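K.L.:
Dropping the structure in here first, questions after.
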Amino acid sequence: MIELFISAFVTLFVVLDPPGCVPIFSSLTSGGAAAYRRSMALRSTGIAAVVLLLFALFGEDFLTALGITLPAFKLAGGVMVFLIAIDMVFETRTQRREERAEAVKSEAQGEADDISVFPMAIPMLAGPGSIAAVMLLMSRANGIEQSLTVLAALAAVLLLTLGALLAAGPLMRLMGHKIEAMITRLLGVILAALAAQFIIDGIRESFGLGG
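If you use UniProt numbering, the sequence shown closes out at 211, no skipped numbers anywhere.
In structure tokens:
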């Protein structure tokens, strides 16, 4: 169970990318009062948690209703997560996030706008990659105990994300953009390997191959 927890935790941590969300959140909430930043952090992680939990618990049934098999979803999800990993390594994901943040910020025209649902909760935290990752992890879990282990890993990552957003100001001063970029690239390499494993599992299950 410890191995499963670590594997799920690393996967979700890399996909949600709390270090990468910190500068975006800091930019979106700059100039706002401390209560506003705290409210946005709590609401963002809360909404993302609800979305990810729903897909974790009912995502498989949703796929079944659409006639999509789990091996097919593992292949598609693995490819999607791999593309996110490439973006992280070459920093294009961070660039897109920053551009989206600037667009939302300019639309708000300096007002204390509600950025908790969009873009923070969706798609920055509960985006296609994190939804695919949590569904893939739940599909690999055998029994209630392993499923609870995956959910515990998700809860731990979300709590870390909440802590990172609440401490966005001090973290930005401590971490800086260069260190944040280095961490993001390292996590991207790890995520690429995890995505490759998802693809391999999907191919094996599709063709009935053994482990």
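Note that beta-carbon positions come from the ideal geometry of N, C-alpha and C, so glycine has one too.
If you're wondering where the values come from, they're calculated on a predicted model, not measured in any experiment.
From what residue to what residue does the alpha helix (DSSP H) around Thr45 run?
P.N.:
Along the sequence shown, one-based indexing puts residue 45 at 45. Thr45 -> alpha helix (DSSP H) spans 34 to 65.
K.L.:
Report the three-state DSSP secondary structure of Gly208 (helix, strand or coil).
P.N.:
Within the sequence shown, numbered from 1, the residue matching residue 208 stands at position 208. Gly208: coil per DSSP, three-state reduction.
K.L.:
Can you list, in chain order, the residues of its chain whose CB lies under 8 Å from that of Ala133, leaving out five sequence neighbours each side?
P.N.:
One-based indexing of the sequence shown puts residue 133 at position 133. Correct list, in chain order: Thr11, Leu12, Val15, Gly77, Val81.
K.L.:
Closer than 8 Å is the cut-off here; do at least three beta carbon pairs connect the region 181 to 190 with the region 34 to 42?
P.N.:
no
K.L.:
Hey, could you find the ends of the alpha helix (DSSP H) Ser27 is sitting in?
P.N.:
Position 27 of the sequence shown, counted from the first residue, corresponds to residue 27. From DSSP, the alpha helix (DSSP H) with Ser27 extends over 18 to 28.
K.L.:
Skipping 5 residues on each side, what residues in its chain have a beta carbon closer than 6 Å to that of Glu205?
P.N.:
The residue labelled residue 205 in the question sits at position 205 within the sequence shown. Once the five neighbours on either side are set aside, the close Cβ partners of Glu205 are Pro71.
K.L.:
Can you tell me the Cβ-Cβ gap for Arg185 and Met88, rounded? I've got them flagged as a contact below 8 Å.
P.N.:
Position 185 of the sequence shown holds residue 185. Position 88 of the sequence shown holds residue 88. 7 Å between Cβ atoms; contact.
K.L.:
Comparing alpha-carbon positions, which option in Leu75, Ser7, Leu4 lies nearest Phe207?
P.N.:
Position 207 of the sequence shown, counted from the first residue, corresponds to residue 207. Measuring from the Cα of Phe207, the nearest candidate turns out to be Leu75.
K.L.:
May I have the straight-line CA-CA distance separating Leu160 from Gly46, to the nearest angstrom?
P.N.:
The sequence position of residue 160 within the sequence shown is 160, counting from 1. The sequence position of residue 46 within the sequence shown is 46, counting from 1. When rounded, the distance between both Cα atoms is 13 Å.
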